[in-house]
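J.: Next up is a structure, given as structure tokens.
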Amino acid sequence: MSNSASSTSSSKADSFNRDLSFFSTGLPGLDRTLQNLQAGDNVVWQVATVDEYRPFVLPFWEECLRERRPLVYFRFGRHHELIAPNQGGRRVNLRPEDGFEKFVGEILDVIEAEGLGACYVFDMLSDLAADWYSDRMLGNFFSITCPFLYDLKTIAYFGLRKDHHSFHATDPIHNTAQVVLEVHRKREQLFIHPQKVWQRHSPTMYMLHAWEGQEFKPVTNSAVITEILANVPQPWLDFSVHRLGVWVRTFRQAQATLKAVQMGRKSNTEAQAFFQRLVKMILTREERLLELARQYLSLSDLIEIMQRMIGTGLIGGKSLGMLLARAVLRQKRPDLWQKLEGHDSFFIGSDVFYTYLVQNGCWWLRRRQKDFEVLLKNAALARQKILEGKFPDFIIEQFEEMLEYFGQSPIIVRSSSLLEDNYGNAFSGKYESVFCANQGSPEERLKAFMQAVRIVYASTMSEEGLDYRRHHGLLERDEQMALLVQRVSGEMYGNTYFPHLAGVGFSFNPFVWHEDIDPKAGVLRLVFGLGTRAVDRTEDDYTRLIALNVPLKQPEAKGGNIRQFTQRRADLLDLAANQLTARDFRELAVQLPASLRNLLAKEGQSGDGDWVLHMDELLEHTPLASDLREMLQTLESAYDYPVDVEFTVNFLPDGQYRINLLQCRPFQVKIRGEGSRVRIPANIRAENVVLESSGPIIGHSLATEVDRLIYVVPKVYSQMSMSQRYSVARTIGRLTHLEQERKPTIMIIGPGRWGTSMPSLGVPVSFAEINTVSVVCELALMHEGLIPDISLGTHFFNDLVEMDMLYLAVTPGKEGYRFNEELLFSQPNRLTDLLPSAGGMAEAIWVVERTQEKSSFYLNVDSMSQKAMLYRES
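Here the sequence shown stands for residues 1247 to 2120, numbered as in our numbering.
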């Protein structure tokens, strides 16, 4: 018999309140968060200590007493009692050391006797595992007890230490309980993070909540969330335990070795031996990156990475770059490292991708496609099979656990292939990244996440990605897709979610628009909202370009109205619609705290809330520009190579900010001597000048003879249908790829934007169609108000820089610019000589080809002075 004491006799059961329609936690704010307790709820509190469990137990106990509900406290733990004998209810003392069968039997007897609608508080379950020397038996106990309690429509509280148990305990508990709540502490404040709330849902239910007074308020800032969650031990997320064989053995041995070294029982030499094994198992086999890893990462770092891996294999280039950048700053600039937003990313190993291909019948499609044309022909079939494939059950289970951790925080699934972000090949924008707003039920969120993974996997067979690999001689290299799953950095405002700032940064600035600019100081492309607006070329908006040694000097300043060139719209996640979208900045500005709004924007002259994004206050009165400059220079020094990074910036309530380094990779720019200047000739007669430009110009100074000049005639192009404009783009792609051996100097001139996704705004070529071009020139002629955007930092312009291509823009009619198309028309159109089948395009595409008997066109470009001239020698 158990030693039972009772201050409320069960013989008086009929006087109890057995209303099953409403149960309360005793905390009204928590009731609102969870949409109340429901009859049958088994509530598991995952805590670090019993002191984090007790604050939730006592209000529940007191509420049950107030409601006159049957109430039982099962006392069996080694910790201090949760409920004192004089606090009412029934107390049942148990001895788990007497054995599993007796312990469970006594509990079930009590539950059966109490009947419908009773309420229970259990001591910390973790002490049972200690008594029974078995996590598996703890799981068995819960699997037996929980359904019995549910059937009797009870409410039961359980405590569980969150750094104590293997999946043998946690899996049955998580699968069986109706409510699982994780408790966190930051100094004296408690937070809850719902992991599971069965049959209830709200837009904020699975977010981290701060307990403030009577309320549990959703934490909306990613920097705060990550600071609280990232460093908390969570062994049920230790995915290494799901792996078998050499992987898990090596992992466990490495853990044991690290612990022995920390305790002084083994030498650092043994730790280094394990490091050398693990670094090639999970990080990279590229020698230059291996050297960086050996210098800046430790065995402890590698073990932490493995604990956050789903599947086995390598984590890929993008993940490695992010981790290395943080490690470099941690070691070389701890003051800057302190300003970083923490990361709690997960890594899906490359073996998961390979297994997915094999199990879904995609591998043979890749295997057979040695011929490039055959590869392209069958790529669509391969993509379709990948998009329709299925994942193994054990991988889906790990996806579910990861999504439980993130709750309803938006996440992004990013490509991190083995070849990506390496020295010599950036793969900028060649593979997909997919945002998941991560709203809806757990089943809906899992479905959306798995589709995001499939989309990234399918992008490995995209024509653009395959062409990039061919152009860089990488088709025969092993290319597998690992994935980086990151919490979207930002803050929630109503139903919208976005970072305060995002952008790309380069340690070397290839666009020097003023003599005061030091190219070695670096450059930023900065936006408000999600960074998609910084890396994708926007067709109808502008961004802020910042030379880091003179951050207030804007390229547009010489053009007059700077206000005209400010960002007007911001990309964000619409949580209600569960999708990526864009909104006017004016609409978002009024939601920001006044201090942040005044830092980023200025109110329009009307004073009616017409806020204009300006950023001068930010750059002048915060150290953000200097912090980012120093970070970039530190990373360049470590890489011994220019770097480019993607980042976000989020402001905390106290006015401080956190920088989230999302990506770091070698910047594939060719740096030439500082004296590399080109003279713009002053004695060329006006009738011999085709064009003059005063910028923007991106690329190196250049003086060259043009072998082939391809001109898209604006007046003809503007009258064409959308389908005809796509035909123009395809024809240009053929014109730029005629030669196999000789590489002519090709210049393309066209209206609006090259590479646009909207034919109404330019020429919709893919980069693969113009990757043999030397000079790209944009004419601001497509519609009124279209000024060529200085899109440095976008995927399109990264491709231009990587291929050492020159970009320049011309605004006809504006001072400092000239364009004389009649001089081009005075030359024969060689289009049909080069492409006999393109006769239908002869009015829209004018091709001037250098010949021995004709005078040539010459192009002189001086990047430093932002001057260019294309002319014919008389």
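Glycine residues also receive a C-beta, built at the ideal position from the N, C-alpha and C atoms.
1. If you run the structure through DSSP and keep just helix, strand and coil, what is residue 1595?
2. Considering only the beta carbon of each residue, do residue 1936 and residue 1779 sit closer than 8 Å?
3. What are the partner residues of residue 1394, as DSSP defines its beta bridges?
4. Just tell me which of 1586, 1556, 1630 and 1607 has its CA closest to the CA of residue 1594.
5. Taking Cβ to Cβ, would you say residue 1433 is nearer than 8 Å to residue 1363?
6. If contacts are defined as beta-carbon pairs under 8 Å, then residue 2007 and residue 2022 qualify, I think. What distance do you get, rounded to the angstrom?
7. Which of the three DSSP states, helix, strand or coil, is assigned to residue 1351?
8. Out of 2042, 1401, 1456 and 1466, which has the shortest C-alpha to C-alpha gap to residue 1743?
9. Helix, strand or coil: how does DSSP classify residue 2005 here?
10. What's the gap between the Cα of residue 2121 and the Cα of residue 1954?
11. With C-beta atoms as the reference, is residue 1637 less than 8 Å away from residue 1602?
12. Going by DSSP, what residue range makes up the beta strand (DSSP E) through residue 1951?
13. Could you tell me the alpha carbon to alpha carbon distance between residue 1770 and residue 1528, rounded to whole angstroms?
14. For residue 1974, does the count of other Cβ atoms within 10 angstroms reach 16, so buried, or fall short, so exposed?
15. Taking only the alpha-carbon atoms, compute the straight-line gap between residue 1625 and residue 1566 and give it to the nearest angstrom.
16. Thinking C-alpha only, which one of 1428, 1317 and 1349 is nearest residue 1453?
17. Comparing C-alpha positions only, which one of 1546, 1535 and 1533 sits nearest to residue 1521?
18. Check for me: the beta strand (DSSP E) holding residue 1463 runs from which residue to which?
19. Which residues does DSSP list as the beta-bridge partners of residue 1828?
20. Could you tell me the boundaries of the beta strand (DSSP E) in which residue 1291 lies?
21. Does DSSP classify residue 1407 as helix, strand or coil?
22. Of the choices 1359, 1367 and 1345, whose alpha-carbon is the least far from that of residue 1335?
23. Take every Cβ of the region 1275 to 1282, pair it with every Cβ of the region 1370 to 1377, and state whether three or more of those distances are shorter than 8 Å.
24. List, from N- to C-terminal side, the beta strand (DSSP E) runs of 3 residues or more that fit wholly inside the region 1635 to 1689.
25. Just to confirm, are residue 2091 and residue 1956 a CB contact at a threshold of 8 Å?
26. Taking the straight line between their C-alpha atoms, what separation do you get for residue 2108 and residue 1674?
27. With DSSP as the reference, label residue 1261 as helix, strand or coil.
28. Do you know how far the Cα of residue 1464 is from the Cα of residue 1273?
29. So the beta strand (DSSP E) residue 1749 belongs to, where does it begin and stop?
30. Go through its chain and collect everything with a Cβ distance to residue 1926's Cβ below 7 Å, but skip five positions before and after it.
31. Among 1963, 1597, 1408 and 1676, whose alpha-carbon lies nearest the alpha-carbon of residue 1781?
32. Kindly list the residues whose CB is nearer than 7 Å to the CB of residue 2064, restricted to its own chain and excluding five residues on each side of it in sequence; keep chain order.
33. Skipping 5 residues on each side, what residues in its chain have a beta carbon closer than 6 Å to that of residue 2157?
34. Can you name the residues that DSSP bridges to residue 1365?
35. Compute the beta-carbon to beta-carbon distance between residue 1754 and residue 1913, rounded to the nearest angstrom, for a pair I have assumed lies under 8 Å.
36. State the Cα-Cα distance for the pair residue 1700 and residue 1632, rounded to the nearest angstrom.
T.: This is what the structure gives:
1. If DSSP states are grouped into helix, strand and coil, residue 1595 belongs with coil.
2. In this structure, residue 1779 does not lie closer than 8 Å to residue 1936 by Cβ.
3. Bridge partners of residue 1394: none, in fact.
4. Closest by C-alpha distance to residue 1594, out of 1586, 1556, 1630 and 1607, is 1556.
5. Contact flag unset, no.
6. Not quite, the Cβ-Cβ distance comes to about 15 Å (not below 8 Å), so this is no contact.
7. Residue 1351 falls in the helix class under three-state DSSP.
8. Looking at the Cα atoms, 1466 is the closest of the given residues.
9. Correct three-state label for residue 2005: helix.
10. Given that the chain is displayed from residue 1247 to residue 2120, the structure contains no residue 2121 and the question cannot be resolved.
11. A distance below 8 Å separates the beta carbons of residue 1637 and residue 1602.
12. Secondary structure note for residue 1951: its beta strand (DSSP E) is the uninterrupted segment 1948 to 1952.
13. Residue 1528 has its alpha-carbon roughly 32 Å from the corresponding atom of residue 1770.
14. Label assigned to residue 1974: buried.
15. Their Cα atoms are separated by approximately 28 Å.
16. Across the set 1428, 1317 and 1349, the C-alpha of 1428 shows the shortest separation from the C-alpha of residue 1453.
17. Of the residues 1546, 1535 and 1533, the one whose Cα lies closest to the Cα of residue 1521 is 1546.
18. Counting along the chain, the beta strand (DSSP E) containing residue 1463 begins and ends at 1461 to 1464.
19. Looking at the DSSP assignment, residue 1828 forms a beta bridge with 1817.
20. Its beta strand (DSSP E) spans residues 1288 to 1293.
21. The answer is strand: DSSP assigns residue 1407 an E or B state.
22. Among 1359, 1367 and 1345, the Cα nearest to that of residue 1335 is on 1367.
23. Too few Cβ pairs lie closer than 8 Å, so no.
24. Fully enclosed beta strand (DSSP E) runs of 3 or longer: 1657 to 1663 and 1679 to 1682.
25. In this structure, residue 1956 lies closer than 8 Å to residue 2091 by Cβ.
26. Each residue's Cα considered, the two are about 27 Å apart.
27. Of the three classes helix, strand and coil, the one that applies to residue 1261 here is helix, per DSSP.
28. Residue 1273 and residue 1464: Cα-Cα distance of roughly 16 Å.
29. The continuous beta strand (DSSP E) containing residue 1749 extends over residues 1747 to 1752.
30. So the list reads 2106, 2108, 2113 and 2115, once near-sequence residues are dropped.
31. Nearest to residue 1781 by alpha-carbon distance, out of 1963, 1597, 1408 and 1676, is 1676.
32. So the list reads 1935, 1937 and 1938, once near-sequence residues are dropped.
33. In the structure as shown, the chain begins at 1247 and stops at 2120. Residue 2157 is therefore absent and cannot be evaluated.
34. BP columns for residue 1365 point to 1317 and 1401.
35. Confirmed, about 6 Å.
36. So the two alpha carbons sit approximately 6 Å from each other.
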